[in-house]
Structures are given as structure tokens and as C-alpha cells.
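Just so we're aligned: 456 in the numbering used here is position 186 of the sequence shown, and the numbers increase by one with no gaps anywhere.
Yeah, the Cβ is synthetic: ideal placement off N, Cα and C, and Gly gets one too.
One structure below.
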Amino acid sequence: MKKLLLIFTLLFSTVMFSSPSFAEGDDLQKAINQFFPNQIKVYGVKIIGTENTPFKDIEKAAKILNQWLDNNGDGNPDDKLVIDKLIKNNAILVMGKSENDLERSFDNLIDVLEDTNIDIDNFERALIGLISDEPNIAYLEEILHLVTQVGYANAYPEVFGEFKGSRISEAMDVARGGYFKKTPKIYPKSSWYHYYDKSCDYACMITEYFYWSLTSLLGAQINRYDEISEEWELNTPSKMTKDKLIMKILQDERYQIPKRLPSF
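Dropping the structure here:
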């Protein structure tokens, strides 16, 4: 679910949210304000929504993003380097009330940006889309994708880089039963990660692998085996011990990987 297609308290609002409007004068921000007027920043990371997106759902996404970034709840980001990379690379969570609502507003935004000097390809690479009425597990997934794909992968490329040769890619190759640049017709029987979506390239496979590994370790997938086993088999913390390489990475204190699931 990587492509565009996620009740916060007053205490949270004082700690993590900035003004609803970014109010910046550049062409990109003007275009964003036009088509995605509902906006929040979490530690400088943008969440934007169409005018039809309920603001309570944007607040919900902001609460989840805050907890992925400040997992110990002390009011400060757990890893400032990850925050810096998210901001530097202009990471944005883009929300719509429906798939059509999101796609229509996004297409209008791109049409406007094509008349500017903005590098649209770079802009799109740092975006993750989310439909506001998706279930809670989708909020966890898409927001974590933003954090890992734009944040961790750029903060620690030798470990989390979404390319062959990074430590997480080496762990993933074991989980998939070998190195596959493109999706194989059939994964080896020894694999426990076997994603058959041909639109998901090698980098995308790493994004998804990070999500499955971390959320399974933290207990989010415990009751979902029948639903997800076609793609991912290690759905519980105890099963995750089979994937020794990713466990070593996720439990390395140097990278401040979240230790608990965000609450809703």
C-alpha cells in the first residue's frame, strides 16, 4: 500500500502540532494550500488533506505520526537525524476522504506544479497517500512507510537504504528466499516474505518488509495470520525470532526503533 490511493488530546496539540496552515510563499506551498487546505505539522513533518477530509482524521494521523517519531512519549523526537531527513526531503502524508477525492486533488496539484520550476519527480518520491476512512491498521502502515522510506532510509542508508547491499536488504533477501530484483513467479518454499505485487519494485519491497517486521514484533499482526500469510508469515513476536537478521537491526539501540505501537 505504498502508492498514493491514515482524538488527539489538548496536551498533544501543545507538544507536537503547529499552525494548521503552513502559510509559506513559495509556489509549492501556494499550490498545496489551494488543493489540500487541511494541514498539520508534526515536528516539522507535513500532513495535508483535501477540503473534504475530516479534520479529525488528520488529527488522528498526526497523533500516530507523533508516536512513531516520539515513541517513548517524552515530548521530543527519538532520533533527530530521522526528523532532519524527513524535513529535508519534504516528506508529506497526503490524505483524502476517498480515493477519487485524493486522486482528483493530487492531479490538480500536479497540473499547477507543471507550470513551475519545481522538480515534480522529487516531490512525488517523498509522498505517502492515505484515505481517511481506512481502518486503523492502514494508518499504522502508511504513516510508518513515510517515516522509514523518507526518514530512516536517508538517515542510515547503509542500514535502512532501499537498495541492494544495505543491511535491511540483506535481511529481506533471506526472508524472500534469495535476491530478486523483480518479483519472481514463485518464491522459494523457505521464504516467509513473499509479496507478489509486480508494481512493487525492490525498494518498495524493502519498505513493506520494514513494516511487516516491526509491526509483527510489536504485536500489531497477532490476529491477522489468515489475512496476511499469503504475503507475510511471521505475524507474532515469537515467530519473528526466526528472522535473526532483521531482529538484530530492529533491536539495535543506536537507531531508536520504536518499541511500542502507537495508540489510537
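Gly421 sits in a helix when the DSSP states are folded into three classes. Taking 7 angstroms as the cut-off, the beta carbon of Leu397 is found closer than this to the beta carbon of Val364.
Leu416 sits close to Ala361, with the two beta carbons spaced by under 7 angstroms. Unbroken alpha helix (DSSP H) runs of no fewer than 4 residues, entirely contained in the region 409 to 464, are found at 427 to 430, 437 to 445, following chain order. Below 8 angstroms, too few C-beta pairs join the region 391 to 408 and the region 504 to 520 to call them touching: fewer than three. Going by C-alpha positions, Leu410 is about 35 angstroms away from Asp385. Residue burial annotation: Gln521 is exposed, with fewer than 16 other C-beta atoms found within 10 angstroms of its C-beta. By the beta-carbon neighbour count (other beta carbons within 10 angstroms, threshold 16), Phe376 is buried. In the DSSP annotation of this structure, Leu400 is not part of any alpha helix (DSSP H); the continuous beta strand (DSSP E) holding it starts and ends at 397 to 401. Ranked by how close their Cα comes to the Cα of Pro427, the residues Phe325, Ser368, Lys355, Ile380 have Lys355 in first place.
The Cβ atoms of Trp482 and Trp462 lie no closer than 7 angstroms to each other. Taking 7 angstroms as the cut-off, the Cβ atoms of Val312 and Leu335 count as close. Spanning the alpha carbons of Glu369 and Asp381 requires a straight line of approximately 18 angstroms. Look at the beta carbons and you see the region 484 to 492 not touching the region 467 to 476: under three pairs across the two are nearer than 8 angstroms. Closest by C-alpha distance to Ile519, out of Tyr422, Lys459, Asn346, is Tyr422. For Asn308, the secondary structure class from DSSP, reduced to helix, strand or coil, is strand.
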